[in-house]
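Protein chains: 2
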Amino acid sequence: MEVHQLVYLVAVAEEASFSRAAERVGVAQPSLSQQIKKLEDELGTPLLDRLPRRVVPTAAGERLLGHARRVLAELADARRSLADGRGEIAGTLTVGAIPTIAPYLLPDLLKRFAVAHPQVQVEVVEDVTARLVEMLDRAEIDLAVLSTHDGGPTIHCERVGEEELALLVPALHRLAKSKAVRWDALAGERFLVLQEMHCLSGQVSEVCQRQKLRPAVAMRGAQLSTIAEMVSAGLGVSVVPAMMADRDTNPDRVTRPFAGERPTREICLAWSLLRYRTRAAKAFEQAVRERVG
Amino acid sequence: MEVHQLVYLVAVAEEASFSRAAERVGVAQPSLSQQIKKLEDELGTPLLDRLPRRVVPTAAGERLLGHARRVLAELADARRSLADGRGEIAGTLTVGAIPTIAPYLLPDLLKRFAVAHPQVQVEVVEDVTARLVEMLDRAEIDLAVLSTHDGGPTIHCERVGEEELALLVPALHRLAKSKAVRWDALAGERFLVLQEMHCLSGQVSEVCQRQKLRPAVAMRGAQLSTIAEMVSAGLGVSVVPAMMADRDTNPDRVTRPFAGERPTREICLAWSLLRYRTRAAKAFEQAVRERVG
DNA sequence: TGCGCGTGATAGGAAACGCCTATGGAGGTT
DNA sequence: AACCTCCATAGGCGTTTCCTATCACGCGCA
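Quick note, the sequences are listed as chains A and B, same order. The numbering of the first sequence is the numbering used here, which starts it at -2 and goes up by one. The numbering of the second sequence is the numbering used here, which starts it at -2 and goes up by one.
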């Protein structure tokens, strides 16, 4: 069981093809076939089902893949840990962020971070909380910026600040001129909310519930910008992060704060406790804290 | 960074010598020097300090060692997981047990287990709780039998039963004839207890505290058999596991249960959540449950 | 001070290994 | 039925790893 064999196995499994995997890892296809065969011989069991049009892992292959990915992640950690030991803040940093935070927080943050740490190559992954957490576990991202997270023993999740939620209404809406909107003024409004996989959706219903408001959900959107455009078109109102509102310049809709206790949601940093935290990751975390706090 | 290089590095670090490490891993010493050098060249930093009489890891080496051990543990897991997939209950199983349980629980258990699963080679490590937990984390043991454990997110600890604690007194002691000993009868007795690293020591003081007894600790012993001999010699009394008493045939001391609510301590199984649990390990766990429950 | 002893590094050759190109063969597709 | 895609096999080449033999260094002992 050699490192390159595990690399090849993972590549074939992910590409579902020997030829594509060979291209990806930069060797000729026969070399790859050879090494996989050798691995299968050593372990005494087929790892891949060569089906006519695609390649799928056998049960044993699936089993080995889990271990293989952890081995490779650990090796990557080793390299980064040693590079860190030389005092450099450098290398590649992959951060994840949820779609309801990423477009409002990251652009500015990335620009500043790039200036402060020009040696660090930052990659961004935008996905919903559940998937980001999976990616943390699989070491596919180093760090995630998200809101609520139900936990899991291997993920560290740390609150770094909070953001206000505000009401987004069409510019011609009766509430558009209010200084601050009272919750009871929203009875009967049509609400535009995100799909349930977005945590903002749950957070909004929670807030509504606390305010004894049973909103009529007119539509579930896949992204905030869709919802914003719907609001502009007068199809309903929505509760959105204030950060989004700050950047919104469309005159067809306006954002209004809520009266009384303003609803907020947490902004958290999460990382895996099993992976090495590079200096670059810590520096990025600090940048997020400064920007949010 | 190849697997065999990591194996060599770990061997050299543990043997503190190239030659001994070479012998251990079964290659000639020059091959080992060569591979370590290659690893150092690849990583761009020395990993080992070749001192006149011994070899010690550098800071970078120490750092890499942690990752290397995890990589190797993960590879071992992979092999065992695949072997398990073929349905065999076989291979090597390393179990740890604390010294106040091991000699009373294991002999009988191991004998039965060997009959039920002749294909499994069981190795036993006897050490105190804290060290067993470390060894679980480092994948040096598969399973630990212990009593209390303060936790840690990567260790699963499961109560499988309890054992009674009883009073051990010299045969000629005034309490030796009691049917059951009341706690208030122990005021003024000289107590022989274990060193603090043994959890039994803490458990006994906890029980005493609950019974409003402030025992005079006459001596702290390193093992129960020492304490038992001290009791035989009339140097004091002790609170010991009933399991120990069951096997004790020395006529110079007797064990008496406590009156009222009999004190007990838990017996737990612990394993690492990060390591693969073999069928052999699960079978052993089951054997412990049957024996204890 | 000089000599052995233990230990790691170096040198050179043999065996093993991985990768490559060329080719074969099985399954679909047109 | 011919073609195409995709993986397996064969044979050659360059590299790597391992071995044995030997060297270099520091230490302890006479």
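For each residue, glycine too, the CB sits at the ideal point set by N, CA and C.
Legend entry - Residues of its chain near L62/B, where Cβ-Cβ distance is below 8 Å and the 5 sequence neighbours each way are ignored: Locating residue 62/B in the second sequence gives position 65, where the first residue counts as 1. Excluding sequence neighbours, L62/B sits near L6, V7, A10 and P54.
Legend entry - Residues of the segment 65 to 86 of chain A with Cβ closer than 8 Å to any Cβ of chain B, in chain order: Answer in chain order: A65, R67, V68, E71, L72, D74, A75, R76, S78, L79, G82 and R83.
Legend entry - Simplified DSSP state of G218/A, which is helix, strand or coil: Residue mapping note: residue 218/A aligns to position 221 of the first sequence, counting from 1. In this structure, G218/A counts as strand in the three-state DSSP scheme.
Legend entry - beta strand (DSSP E) runs wholly inside the segment 182 to 209 of chain A, at least 3 long, in chain order: DSSP runs (the beta strand (DSSP E)) wholly in the segment 182 to 209 of chain A: 187 to 191.
Legend entry - CB contact below 9 Å: E137/B versus chain A: Counted from its first residue, the second sequence places residue 137/B at position 140. Interface with chain A (9 Å Cβ-Cβ cutoff): E137/B is excluded.
Legend entry - Proximal residues to A13/B (C-beta, below 8 Å), its chain only, five neighbours per side dropped: Taking the first residue of the second sequence as position 1, residue 13/B is located at position 16. Excluding sequence neighbours, A13/B sits near R51, V52 and V53.
Legend entry - Positions along the segment 268 to 289 of chain A whose CB lies within less than 9 Å of some CB in chain B: Listed by position, the residues of the segment 268 to 289 of chain A near chain B (Cβ gap below 9 Å) are L270, L271 and Y273.
Legend entry - Listed by chain order, chain A residues near R60/B by CB distance under 7 Å: The residue you call residue 60/B lines up with position 63 of the second sequence. Those are S78, L79 and G82, listed as they occur along chain A.
Inset, instruction - Spell out the partners DSSP gives W268/B in its beta bridges. - result: The count along the second sequence starts at 1 and reaches residue 268/B at position 271. DSSP, once it has assigned bridges, lists H153/B as partnering W268/B.
Inset, instruction - Would you kindly work out how many angstroms separate the C-alpha atoms of M227/A and R47/A, rounded to a whole number? - result: Along the first sequence, read from residue 1 onward, the residue named residue 227/A stands at position 230. Along the first sequence, read from residue 1 onward, the residue named residue 47/A stands at position 50. Taking the straight line joining both Cα atoms gives about 48 Å.
Inset, instruction - Quick one: which unbroken alpha helix (DSSP H) runs of 4-plus residues sit fully inside the segment 47 to 126 of chain A? Chain order, please. - result: Under the rule that a run must span 4 or more residues, the alpha helix (DSSP H) segments found entirely inside the segment 47 to 126 of chain A read 56 to 82 and 99 to 113.
Inset, instruction - Alpha carbon to alpha carbon, how far is V166/A from L172/A? Give it in angstroms, no decimals. - result: Looking up residue 172/A in the first sequence gives position 175. Looking up residue 166/A in the first sequence gives position 169. Cα-Cα distance, rounded: 7 Å.
Legend entry - Closer than 8 Å: L140/B CB and nearest the ligand NAP heavy atom: Of ligands this structure carries none, so the ligand NAP is not represented either.
Inset, instruction - Compare the C-alpha of L92/A against each of S78/A, P115/A, L107/A and L36/A and name the closest. - result: In the first sequence, the residue the question calls residue 92/A occupies position 95. For the record, residue 92/A in the displayed sequence is Val; it is not Leu. When each option's Cα is compared against that of V92/A, the closest is L107/A.
Legend entry - Proximity test, Cβ basis, 9 Å: P150/A and chain B: Sequence index remark: in the first sequence, residue 150/A carries index 153 (1-based). Yes, P150/A counts as interfacial toward chain B.
Legend entry - Members of the segment 31 to 59 of chain A that neighbour chain B once the beta carbon cut-off is set at 7 Å: Correct list: L40, T42, A56 and A57.
Inset, instruction - Could you name the residues that DSSP lists as bridge partners for S235/A? - result: The count along the first sequence starts at 1 and reaches residue 235/A at position 238. Looking at the DSSP output, S235/A bridges to L165/A.
Inset, instruction - Look at the Cβ atom of T97/B, then the Cβ atom of S144/B, and state whether they are nearer than 9 Å. - result: Your numbering for residue 97/B matches position 100 in the second sequence. Your numbering for residue 144/B matches position 147 in the second sequence. In this structure, T97/B sits near S144/B, with a CB-CB distance shorter than 9 Å.
Inset, instruction - Decide yes or no for the touch test of the segment 136 to 155 of chain A against the segment 260 to 273 of chain A: beta carbon pairs closer than 8 Å, at least 3 of them. - result: The way I'd put it, the segment 136 to 155 of chain A does touch the segment 260 to 273 of chain A; three or more beta-carbon pairs between them come closer than 8 Å.
Inset, instruction - Below 8 Å on the Cβ atoms is my guess for M70/B versus A136/B; work out the distance and round it to an integer in Å. - result: Indexing the second sequence from 1 puts residue 70/B at position 73. Indexing the second sequence from 1 puts residue 136/B at position 139. Looking at the sequence provided, one finds Ala at residue 70/B rather than Met. About 4 Å separates the two Cβ atoms, so the contact holds.
Inset, instruction - For chain A, find out if any of its Cβ atoms is closer than 9 Å to the Cβ of E(-1)/B; answer yes or no. - result: Residue mapping note: residue -1/B aligns to position 2 of the second sequence, counting from 1. Closer than 9 Å: yes.
Inset, instruction - Give the DSSP-derived three-state secondary structure of L44/A in the structure shown. - result: By one-based count along the first sequence, residue 44/A stands at place 47. When DSSP states are grouped into helix, strand and coil, L44/A belongs to the coil group.
Inset, instruction - Label P212/A either buried or exposed according to how many other C-beta atoms from any shown protein chain fall within 10 Å of its C-beta, with 16 as the threshold for buried. - result: Sequence index remark: in the first sequence, residue 212/A carries index 215 (1-based). Within a 10 Å sphere around the beta-carbon of P212/A sit 16 or more other beta-carbons, which makes this residue buried.
Legend entry - Beta-carbon proximity list for D81/B, same chain, < 6 Å, skipping 5 on both sides: On the second sequence, residue 81/B is found 84 positions in, with the first residue counted as 1. Once the five neighbours on either side are set aside, the close Cβ partners of D81/B are T275 and R276.
Inset, instruction - With a 10 Å radius around its C-beta and 16 neighbouring C-beta atoms as the bar for buried, classify E37/B as buried or exposed. - result: The residue given as residue 37/B occupies position 40 in the second sequence. Classification of E37/B: buried, given that the 10 Å Cβ count is 16 or more.
Inset, instruction - Mind checking who R259/A pairs with in its DSSP beta bridge? - result: The count along the first sequence starts at 1 and reaches residue 259/A at position 262. For R259/A, which the question treats as bridged, DSSP gives no partner whatsoever.
Inset, instruction - State the Cα-Cα distance for the pair R109/A and A284/A, rounded to the nearest angstrom. - result: In the first sequence, residue 109/A corresponds to position 112, counting from 1. In the first sequence, residue 284/A corresponds to position 287, counting from 1. One Cα belongs to R109/A, the other to A284/A, and the distance between them is close to 8 Å.
Inset, instruction - Can you give me the Cβ contacts of E39/B inside the same chain, cut-off strictly under 7 Å, excluding the 5 residues immediately before and after it? - result: The residue labelled residue 39/B in the question sits at position 42 within the second sequence. Cβ within range, chain order: M(-2).
Inset, instruction - Using a threshold of 9 Å, state whether the C-beta atoms of R288/A and L102/A are closer than that. - result: Residue mapping note: residue 288/A aligns to position 291 of the first sequence, counting from 1. Residue mapping note: residue 102/A aligns to position 105 of the first sequence, counting from 1. In this structure, R288/A lies near L102/A, with their beta-carbon atoms less than 9 Å apart.
Inset, instruction - With distances taken Cα to Cα, identify the nearest neighbour of T151/A among A141/A, G218/A and L133/A. - result: Translated into positions along the first sequence, residue 151/A becomes position 154. Of A141/A, G218/A and L133/A, the smallest CA-CA separation from T151/A is found for L133/A.
Legend entry - With 16 other Cβ atoms within 10 Å as the buried cut-off, status of R207/B: Working through the second sequence from its first residue, we reach residue 207/B at position 210. It is exposed - the Cβ of R207/B has fewer than 16 other Cβ atoms within 10 Å.
Inset, instruction - Compute the Euclidean distance between the alpha carbons of V292/A and R66/B, then round it to the nearest angstrom. - result: Outside the modelled stretch of chain A, which goes from -2 to 290, sits residue 292/A, for which no answer is possible.
Inset, instruction - Just tell me which of V204/B, S269/B, K34/B and Q118/B has its CA closest to the CA of G149/B. - result: On the second sequence, residue 149/B is found 152 positions in, with the first residue counted as 1. Relative to G149/B, the option among V204/B, S269/B, K34/B and Q118/B whose CA is nearest is S269/B.
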